[in-house]
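K.L.:
Residue numbers (the numbering used here): 212 to 499.
Where is the CB? At the ideal position from N, CA and C, for every residue including glycine.
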């Protein structure tokens, strides 16, 4: 898999590389692949189960009840596949559904993602922060609480990016339309003289080079996928080895390092995207 090299064995033990651990990850579509990439870096021996809910994307433009229902359905599916922990690799789904999922499955580690407002405020020289996110994320009480908690001493410009995640879902990462959207959404942050920009949707790291071109090298861009991966790595290593798929299959036969994919949209397209973006051959399955 063409991802950043696994962390050195001198720093991470084989156990901490995720051997005999199974992690479920889901997103409204392709965005969570950025989190999957970071997770694989820290846990190269863990088995990953990834669901792209592309048939219902983008979540950022759906109502809360719909997002909760989809998140519950997918979490239940991943647990049926033997997932020991669930990563909600979607800012909008985290804001809308994380609390509900944790109440529904109190014994399962459920890890969400949230825009990196705290590290942005910490690292900004001027205290002028820009946040790029979906309309759903910016409107959520959870995000508003995040800003209230960490952004009191900063000047934060919030920029909703309707249509950006959907455009990235097409799989082409440098199109005239994408460049147009990136320039449009970056402009208010430039006008506010923001020196640190938060990518508040897991889709957006895939067009980070486009934002870097528009914003310039002096602007710092914050992507929290690495921090999420490190947190998940710590939690997963405290779990017992996962059960085998069947009584006749020993736990040693678990497919360490294997990644399985499902899509509620077009599985063939997901397979093509994974091959194109990560040079990983896979056969994504339809989500039941």
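1) Buried or exposed: where does residue 445 fall if 16 or more other Cβ atoms within 10 Å of its Cβ makes it buried?
2) Helix, strand or coil for residue 256, going by three-state DSSP, please let me know.
3) Do you know offhand how far residue 224's Cα is from residue 245's?
4) For the beta strand (DSSP E) containing residue 474, list its first residue and its last residue.
5) Exposed or buried, what is residue 355 when buried is set at 16 or more other beta-carbons lying within 10 Å of its beta-carbon?
6) Can we say the region 228 to 240 touches the region 249 to 265, given the rule of at least three CB pairs closer than 8 Å?
7) Which class does residue 368 belong to by DSSP, given the choice of helix, strand or coil?
8) Residues in its own chain within less than 7 Å of residue 374 by CB, not counting five upstream and five downstream?
9) Quick one: grab the DSSP three-state call for residue 362.
10) Buried or exposed: which applies to residue 414, given that a residue is buried once 16 or more other Cβ atoms fall within 10 Å of its Cβ?
11) Around the C-beta of residue 487, are 16 or more other C-beta atoms found within 10 angstroms, so that it is buried, or is it exposed?
12) Exposed or buried, what is residue 335 when buried is set at 16 or more other beta-carbons lying within 10 Å of its beta-carbon?
13) Looking at the secondary structure, which residues open and close the beta strand (DSSP E) in which residue 347 lies?
14) Residue 341 and residue 365: beta carbons closer than 8 Å?
P.N.:
The structure says:
1) exposed
2) coil
3) Here the model assigns residue 224 a pLDDT of 42, short of 50, so the residue's position is not dependable, and the following value carries that caveat. Each residue's Cα considered, the two are about 24 Å apart.
4) 470 to 474
5) exposed
6) A contact exists between the region 228 to 240 and the region 249 to 265.
7) strand
8) Within the same chain, Cβ atoms closer than 7 Å to the Cβ of residue 374 are found at 392, the five residues on either side in sequence being excluded.
9) coil
10) buried
11) exposed
12) buried
13) If you look at residue 347, you'll find it isn't in any beta strand (DSSP E); it sits in the alpha helix (DSSP H) that goes 346 to 350.
14) no
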